[in-house]
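When you number the sequence shown by numbering that gives the first Met the number 0, it's gap-free, plus one each residue, and the end is 174.
Even glycine gets a Cβ: it sits at the ideal position worked out from N, Cα and C.
As the structure is a prediction and not an experimental result, all values here were calculated from the model.
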Amino acid sequence: MSNLFARTQPASRHYGVAFLAGIMGGLISAFVKSGTEGVMPPRTPDRVAPPIQMIQDMGIDMHNMVYTYSDQVVNWGGSAVHILFSIVWAVIYCVAAEIFPKVKLWQGLAFGIGVTILFHGMMLPILNLAPALWNLPFDELFSELVGTLLWMWTIEVFRRDLRNRLTKKPDPEFQ
């Protein structure tokens, strides 16, 4: 367990690169997560997506947050919340990976499982944006888990590739 919080040498850390990788990986992985949700919808048709419900709960009219693309109405407000969420958590992950190598356990999938439990298991039910885990249909749990794992793995691929390309060095624990 003591190895779980092992730290890298401060001189081998590259926070600027981690921040950039978090932004890039977070942006692209948000599209990966959206694509997963298009194939495996994460909720039944009678429920509103949590980002949209959150914006509506803040008193913002979602009907004003739309644009038309290819003759289809697209809600940019919900997408913006999803993308921002993705970028923030990707930056947190990438910066943490510079300090704590164990964050990258299973190529980041352990972190992704933690995010799933934190948000879908605790935060969304507490904020009344989703039912408790034990009240969710299997389809939703499966969709969220698969989508979140693909989201997280995409972030890790961007993190590792951009870090290695930009620094020409391996991850800090190998220096």
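When the Cα atoms are used, L26 and R42 turn out to be separated by approximately 23 Å.
Annotation: V73 to F173 spans about 45 Å, alpha carbon to alpha carbon.
The beta carbons of T166 and H13 sit about 5 Å from each other, so the pair counts as a contact at 8 Å. Less than 7 Å separates the beta-carbon of S28 from that of T153. Collapsing the DSSP output to three states places V38 in a helix.
For N74, the enclosing beta strand (DSSP E) begins and ends at 71-74. For E139, the CB contacts under 7 Å within the same chain, skipping 5 residues up- and downstream, are P41, R42 in chain order.
With distances taken between CA atoms, P49 lies nearest to S78 out of I86, D170, V65, S78. Going by C-alpha positions, R158 is about 18 Å away from G113.
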